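Asker: Submitted below is the structure of interest, expressed as structure tokens.
2 protein chains.
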Amino acid sequence: MRYSKLFGKTVKEVSSEIKLVSHRFLYQAGFIRESVAGRYFFLPLGIRVRDKIMRVIEEEMNAAGAQKMVTPVLHPLELWQETNRAESVGFELMTIEDQRGGKFALGGTAEEMMVDVVRKFNVSYRDLPFNIYQFSQKFRDELRARGGLLRVREFMMKDAYSFHTDEKDFASEYESMGDAYSRIFERLGLSTVRIESDNGYIGGDYCHEYVVESPVGESRFLMTKDRSYAAHEEVAKFERGDMNPDEKELPLEVKDAPRGPTIADGVKLYDQPAWRQIKTIVFFTNDEEPVLVCLRGDLDICEVKLGHILKGKKFRSATREEVEKLGSVVGFVSPLKLKCKKIGDLSLKTVKNFYTGADEDKKDTLNVNYGRDFEMDELVDVALPPAGCKSEDGQDLSEGRGIEVGNIFQLGTHYSDKMARAVFTDSDGKDKPFYMGCYGIGVGRTMGTVVEVFNDEKGILWPKAIAPYQVYLISIGDVAEEAEKLYEKMLSEGIEVLYDDREERPGVKLNDADLIGIPLRLVISSRTLEKDAVEWKERSEAEAKEVKMADVVKLIKDYYLK
Amino acid sequence: MRYSKLFGKTVKEVSSEIKLVSHRFLYQAGFIRESVAGRYFFLPLGIRVRDKIMRVIEEEMNAAGAQKMVTPVLHPLELWQETNRAESVGFELMTIEDQRGGKFALGGTAEEMMVDVVRKFNVSYRDLPFNIYQFSQKFRDELRARGGLLRVREFMMKDAYSFHTDEKDFASEYESMGDAYSRIFERLGLSTVRIESDNGYIGGDYCHEYVVESPVGESRFLMTKDRSYAAHEEVAKFERGDMNPDEKELPLEVKDAPRGPTIADGVKLYDQPAWRQIKTIVFFTNDEEPVLVCLRGDLDICEVKLGHILKGKKFRSATREEVEKLGSVVGFVSPLKLKCKKIGDLSLKTVKNFYTGADEDKKDTLNVNYGRDFEMDELVDVALPPAGCKSEDGQDLSEGRGIEVGNIFQLGTHYSDKMARAVFTDSDGKDKPFYMGCYGIGVGRTMGTVVEVFNDEKGILWPKAIAPYQVYLISIGDVAEEAEKLYEKMLSEGIEVLYDDREERPGVKLNDADLIGIPLRLVISSRTLEKDAVEWKERSEAEAKEVKMADVVKLIKDYYLK
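As given, the protein sequences belong to chains L and Z, one line each in that order. So the numbering used here is basically just the index in the first sequence, starting at one, shifted up by 43. So the numbering used here is basically just the index in the second sequence, starting at one, shifted up by 43.
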């Protein structure tokens, strides 16, 4: 490709709204353009990278025995109603009606569609297992779209769905998909951590995210040093050690408390650590039931865990008036007096002689002990793991932050139980629901993540496997004829070349080469031609060298085989 | 691939609603399944064919210098408003609103989107020309979806858009794209006719369809024997020969006409050919203006031509009451008395002594002559070319019917004039609008067309280039071990094999092989093994032969190179 004819050239200016380095470089170097927030054009350079990523995914999915197919983008809404997801997915789901009154969801994930096509066949145990996958455009009506390819509203996704007779058969596919994911991300140059995660609105009993560590990632996770345990903060289990096991339980005492409503205000008044307090929050569920949630003062509520405890009901914080109507005062609510559903974190059992509000303004109750003075309806894990916590088996957990690039879900019979005729005929002649799993990779997000990881101050450093071209060829000075010859020779040898044939200053061309980030840059000039050579510079190396013109094709091929 | 593990096996039963042979075989053989009318799943066999078609298109587009990219599927509706197409495309356009109030069209064609991305760059004459294309899912909210892949509501389309400084530069790209289309369809095994066609809501001055002749096609066209002229009936020009040049013009005469309202009723009453009558139809435009359209009685109105004459206004037939209000009677309307806009076909000048209604019930006027007795506001081409007509230069036109698989459009400055900043900087430093063209191929429709053309009573006959697999391997009897060995050997040689490893009767396997239509079938049985051979049968040949086991891989490779 001649750079002079390439649609989508580099630009210098970047809007100050572009914050992420991946967004900035993909924009500047001419890989993507925003249509509207969260919806992107992939320009010719960008689609080459995206296609290569898709090819890697496709090869590994096929090698793992999965079968490619594709569903329509518009899903009959009645399928989503069959599994109650039209409701639970809520605002993220975009729906549309055609002129004949047909209602559709714009596909964001395709569990129902895949079950629907499978149930059109009378599948028997002999046909199972199989794993079917597609690449298709997905839609999520997100309120916020972060810049660039990391969180978008429309994106290319690989989504796979496996069908099994039973859990055991599924378990081996789950591992096989995990292995395929490891190979895929490795080939893309990405080092991933596999973490336990929450299944959101997908359903099922367990799932894992593949996360690339990055400070701009949205996934905070905890892991042991040997990574034998790694989990998203929303599901991570952690030890709640006893804080003061040797203290004696003291008698209850109510006293004036001239403090503000926050935990910090209590710490200041009593000069005691935060764990000494009970943190109490009043919520209302969407069916208007008040729920009191208590945990140790140094911990924070994990809303995802609370959501599961409330069995998927939506909830919101109570207003000041609602707290007063229940008989307490904001900042001084305690679990001792209020009559409502009470959920406590396991940490309530790790402190002797808590203090807490006395359900009156500016009054606290001291020496409160779980079991002796109050109990909760449920004592469960409802806290976010704090920095420096330990795993349940006592190992140190370190914190990580990363970008989710893929996920794998056990679905079990979550969908096949809800959908009519989602069954196979077993060897005993009986109809049984499919046991299922599903497996996703966001293609664009993976591309953005690669750039987040592989860049320097000058631009992108594409991994060899997914670089838009293999060689960036620059001619400097009056050497067009020799440059053309080399360009044509490389093309005839099947080498992918971006040939910067512009009449531009050398500095402009060299800067663009660094910005675009093709792994190998070749410069041909009168100086190199004197020696019958070209300058060879790898994007990841600081120094250039010269190689003989006669060797260059072979060296390129060797370089890309490495 | 082992057939036992393939998702999407053959079925015997076909719904009586499935009429087209391509629909029936693609369904029965397990290539596609309908989600809802006009929206299809491509099953694993189907996606392999679709992918191969896309690869052929991509290779030829790239070879012609076009650059692949991709736009979002959701187009900001304001872009379609910028060109007034949100209105004119009308009901076919699906629109949707996101939760932040953003309005979008589901892309059906992407002229505005491509202009929008191009205008984000400050393009100069040096950057031109370029041709950018994409493969993406397209949506058309059609009222009727024919069975199978021939007319659908959602489909994969290749759409390309070229940008030029001027018409001359565009003209060479138009020819280059035409050549690329010829190569594409030739590689897919399809013989196409290139016909002049109507541009519908795309705009521009001229365009061509690539049509595959087929009795189930929706495009009726006319062509000269040497195909130097070929045009869709909606745009075809034809000679209107004088019917009775030697007759003398006779005096007008009004007389009782005890006939019904149709042309046939007149023919019966007067025992004269249909051309002797004036056919008169009253329309109302969408701004409620009455329009009288007249043509020779043996011809039919071409509504597409009329639409252009009315400058894109929508129109409908007048009701009986409206005709009476205008001062006439249905079945007896004439161009002589009514006061309204009058459009006549050129054929009105080819008959002497027409008869027509007298604008009173059961009364006709005889011996009506154009020029002497009446004139029209416009005398233009508003008729469909009838069977047996001649071209304007007097050659016989034969009728053809076919399936439109691709089209190429001159757009000129149709879009760049309407859209702000759709300009390039010319060598004189001035901003000028792009001169554009666009070029589409429906991938699924092309696949359906291939099956319409290549089939017999047993099933499909895929052309080699796009067959889902290269070899259908069947084992008969107790030869699993040898069959496995051959299967593995072919895989290791890079041959695409569908291995029918089922424990099924030979007849079932042989029938499925014919139905699925892979070009080459190999059968391994104890009988062939005795001779250290396999049975070799090409789908297109009646007879099988035997080939030596040792030669089979080489023969397959040779066969596919042919």
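Don't be surprised by glycine CBs; every beta carbon is placed ideally from N, CA and C. A quick note: this is a predicted structure, and the numbers were derived from the prediction, not measured.
1) CB Gly151 of chain L to CB Arg128 of chain L, shorter than 7 Å?
2) Hey, would you say the C-beta of Lys52 of chain L is under 6 Å away from at least one heavy atom of the ligand MN?
3) Quick check: is the beta carbon of Ser234 of chain Z nearer than 7 Å to any beta carbon in chain L?
4) Just to confirm my understanding: we take Thr393 of chain Z, look at its own chain, exclude 5 residues before and 5 after, and list those with CB closer than 6 Å. What are they?
5) Suppose contacts are defined by Cβ-Cβ distances below 7 Å. Is Ile175 of chain Z in contact with Gln110 of chain Z by that definition?
6) Can you check whether the CB of Phe147 of chain L is closer than 7 Å to the CB of Leu122 of chain L?
7) In whole angstroms, what separates the C-alpha of Glu42 of chain L from that of Glu252 of chain Z?
8) DSSP state of Trp123 of chain L, grouped into three classes?
9) Closest Cβ-Cβ distance between Lys111 of chain Z and chain L: below 7 Å?
10) Beta-carbon of Phe213 of chain Z versus every beta-carbon of chain L: anything under 7 Å?
11) On the DSSP bridge list, what partners appear for Glu589 of chain Z?
12) Taking 7 Å as the CB-CB limit, is Glu197 of chain Z close to chain L?
13) If we count the other Cβ atoms within 10 Å of its Cβ and call it buried at 16 or more, is Leu149 of chain Z buried or exposed?
14) Ignoring anything shorter than 4 residues or poking outside the stretch 173-203 of chain L, list the alpha helix (DSSP H) runs there in chain order.
15) What does Arg76 of chain L reach in chain Z if we use C-beta pairs closer than 7 Å?
16) When the Cα of Val423 of chain Z is compared with those of Z:Pro87, Z:Gly350 and Z:Leu379, which residue comes out closest?
17) Tell me which residue opens and which closes the alpha helix (DSSP H) that His275 of chain Z is part of.
18) What in chain Z is Cβ-close to Tyr83 of chain L, meaning under 8 Å?
19) Using a Cβ cut-off of 8 Å, pull out every chain L residue sitting near Pro288 of chain Z, in sequence order please.
20) From this set, Z:Arg67, Z:Ile538 and Z:Pro476, which residue's C-alpha is nearest Thr468 of chain Z's C-alpha?
21) Is Val79 of chain Z close to chain L? Criterion is C-beta to C-beta, closer than 7 Å.
22) Have a look at L:Arg339, L:Leu369, L:Ile344 and L:Glu296 and flag the residue whose alpha-carbon is nearest the alpha-carbon of Thr332 of chain L.
23) Cutting at 7 Å between CB atoms, please list the residues of its own chain near Ser390 of chain L, excluding the five before and the five after it.
24) Gly502 of chain L bridges to which residues according to DSSP?
25) With a threshold of 8 Å on Cβ separation, who are the neighbours of Ser179 of chain Z within its own chain once the five nearest residues in sequence on each side are excluded?
26) Let me know if Asn450 of chain L comes out buried or exposed under the rule of 16 or more other beta-carbons within 10 Å of its beta-carbon.
27) Take Tyr168 of chain L as the anchor and find which of L:Val466, L:Leu553 and L:Pro378 has the nearest alpha-carbon.
28) Would Asp141 of chain L pass as an interface residue toward chain Z - the criterion being a Cβ-Cβ separation below 7 Å?
29) For the stretch 49-68 of chain L, list every residue whose C-beta sits within 9 Å of some C-beta in chain Z, in sequence order.
30) In the DSSP assignment, find the alpha helix (DSSP H) that holds Met479 of chain L and state where it starts and stops.
31) Might you give, ordered along the chain, the residues of its own chain that have their beta carbon closer than 6 Å to the beta carbon of Glu256 of chain L, omitting 5 neighbours on each side?
32) Could you round the C-beta distance between Ser205 of chain L and Gly480 of chain L to whole angstroms and report it? I think they count as a contact, below 8 Å.
33) Check the Cβ-Cβ distances between Asp184 of chain L and every residue of chain Z, and say whether any is below 7 Å.
34) Taking only three categories from DSSP, how would you classify Met137 of chain Z?
35) Any contact of the stretch 305-321 of chain Z with the stretch 357-368 of chain Z, i.e. 3+ C-beta pairs under 8 Å?
36) Is Phe417 of chain Z helix, strand or coil by DSSP?
Answerer: Let me lay it out:
1) Sequence index remark: in the first sequence, residue 151 of chain L carries index 108 (1-based). Sequence index remark: in the first sequence, residue 128 of chain L carries index 85 (1-based). No. Outside cutoff.
2) The model depicted lacks the ligand MN and carries no ligand whatsoever.
3) On the second sequence, residue 234 of chain Z is found 191 positions in, with the first residue counted as 1. With 7 Å as the cut-off, Ser234 of chain Z does not count as an interface residue toward chain L.
4) Within the second sequence, numbered from 1, the residue matching residue 393 of chain Z stands at position 350. Closer than 6 Å at the Cβ level, and outside the excluded window around Thr393 of chain Z, lie Arg283, Asp285 and Met286.
5) Numbered from 1 along the second sequence, position 132 holds the residue referred to as residue 175 of chain Z. Numbered from 1 along the second sequence, position 67 holds the residue referred to as residue 110 of chain Z. Contact flag set, yes.
6) Locating residue 122 of chain L in the first sequence gives position 79, where the first residue counts as 1. Locating residue 147 of chain L in the first sequence gives position 104, where the first residue counts as 1. No, Cβ-Cβ distance for Leu122 of chain L and Phe147 of chain L is not below 7 Å.
7) Residue 42 of chain L cannot be examined here, being either before or after the span of chain L that is shown, 44 to 605.
8) Counted from its first residue, the first sequence places residue 123 of chain L at position 80. It is helical.
9) Walking along the second sequence from the start, residue 111 of chain Z turns up at place 68. Lys111 of chain Z counts as touching chain L.
10) Here residue 213 of chain Z is taken as the residue at index 170 of the second sequence, counted from 1. No - not a single Cβ of chain L is within 7 Å of the one on Phe213 of chain Z.
11) Stepping through the second sequence from its first residue, residue 589 of chain Z is reached at position 546. Per the DSSP secondary-structure output, Glu589 of chain Z pairs in a beta bridge with Z:Glu578.
12) By 1-based counting over the second sequence, the position of residue 197 of chain Z is 154. Chain L, which has a Cβ nearer than 7 Å to the Cβ of Glu197 of chain Z, makes this yes.
13) For the purposes of this step, residue 149 of chain Z is taken as the residue at position 106 of the second sequence. By the neighbour-count rule (16 or more Cβ atoms within 10 Å), Leu149 of chain Z is buried.
14) none
15) Along the first sequence, read from residue 1 onward, the residue named residue 76 of chain L stands at position 33. Result: Val160 and Lys163.
16) The residue labelled residue 423 of chain Z in the question sits at position 380 within the second sequence. Looking at the Cα atoms, Z:Gly350 is the closest of the given residues.
17) Taking the second sequence and counting its residues from 1, one reaches residue 275 of chain Z at position 232. Counting along the chain, His275 of chain Z falls outside any alpha helix (DSSP H), though it belongs to the beta strand (DSSP E) covering Ala273 to His275.
18) Start at 1 with the first residue of the first sequence, and residue 83 of chain L comes out as number 40. Those within 8 Å of Tyr83 of chain L in chain Z are Pro115.
19) One-based indexing of the second sequence puts residue 288 of chain Z at position 245. Those do not exist, as Pro288 of chain Z stays about 50 Å from chain L at its closest Cβ, beyond 8 Å.
20) For the purposes of this step, residue 468 of chain Z is identified with residue 425 of the second sequence, where counting begins at 1. Closest option to Thr468 of chain Z, Cα to Cα, is Z:Pro476.
21) Against the second sequence, residue 79 of chain Z aligns to sequence position 36. True, the Cβ-Cβ gap to chain L drops below 7 Å.
22) Mapped onto the first sequence, residue 332 of chain L falls at position 289. Sequence inspection shows Glu at residue 332 of chain L; the Thr mentioned does not correspond to that position. Of L:Arg339, L:Leu369, L:Ile344 and L:Glu296, the residue nearest in Cα terms is L:Leu369.
23) Here residue 390 of chain L is taken as the residue at index 347 of the first sequence, counted from 1. Cβ neighbours of Ser390 of chain L beyond the five flanking positions: Arg283, Leu338, Arg339, Leu342 and Ala426.
24) In the first sequence, counting from the first residue as 1, residue 502 of chain L sits at position 459. According to DSSP, which records beta bridges pairwise, Gly502 of chain L is partnered with L:Asp499.
25) The sequence position of residue 179 of chain Z within the second sequence is 136, counting from 1. Closer than 8 Å at Cβ, skipping near neighbours: Val113, Thr114, Val116, Gly150, Ala153, Met199, Met200 and Asp202.
26) Here residue 450 of chain L refers to the residue found at position 407 when the first sequence is read from its first residue. By the neighbour-count rule (16 or more Cβ atoms within 10 Å), Asn450 of chain L is buried.
27) By one-based count along the first sequence, residue 168 of chain L stands at place 125. Check the Cα spacing between Tyr168 of chain L and each of L:Val466, L:Leu553 and L:Pro378: the tightest is with L:Val466.
28) As a working note, residue 141 of chain L is residue 98 in the first sequence. Yes - at least one Cβ of chain Z is within 7 Å of the one on Asp141 of chain L.
29) Correct list: Leu49, Phe50, Gly51, Lys52 and Val54.
30) Taking the first sequence and counting its residues from 1, one reaches residue 479 of chain L at position 436. Note, Met479 of chain L: premise wrong, no alpha helix (DSSP H); beta strand (DSSP E) at Tyr478 to Gly485.
31) As a position in the first sequence, residue 256 of chain L is number 213, starting the count at 1. Here the set comprises Gly443 and Gly445.
32) Against the first sequence, residue 205 of chain L aligns to sequence position 162. Against the first sequence, residue 480 of chain L aligns to sequence position 437. Between Gly480 of chain L and Ser205 of chain L the Cβ distance is about 5 Å, and since that is below 8 Å, they are a contact.
33) Counted from its first residue, the first sequence places residue 184 of chain L at position 141. At least one chain Z Cβ lies under 7 Å of Asp184 of chain L.
34) Working through the second sequence from its first residue, we reach residue 137 of chain Z at position 94. DSSP places Met137 of chain Z in the coil class of the three-state scheme, outside both helix and strand.
35) no
36) Translated into positions along the second sequence, residue 417 of chain Z becomes position 374. It is a strand residue.
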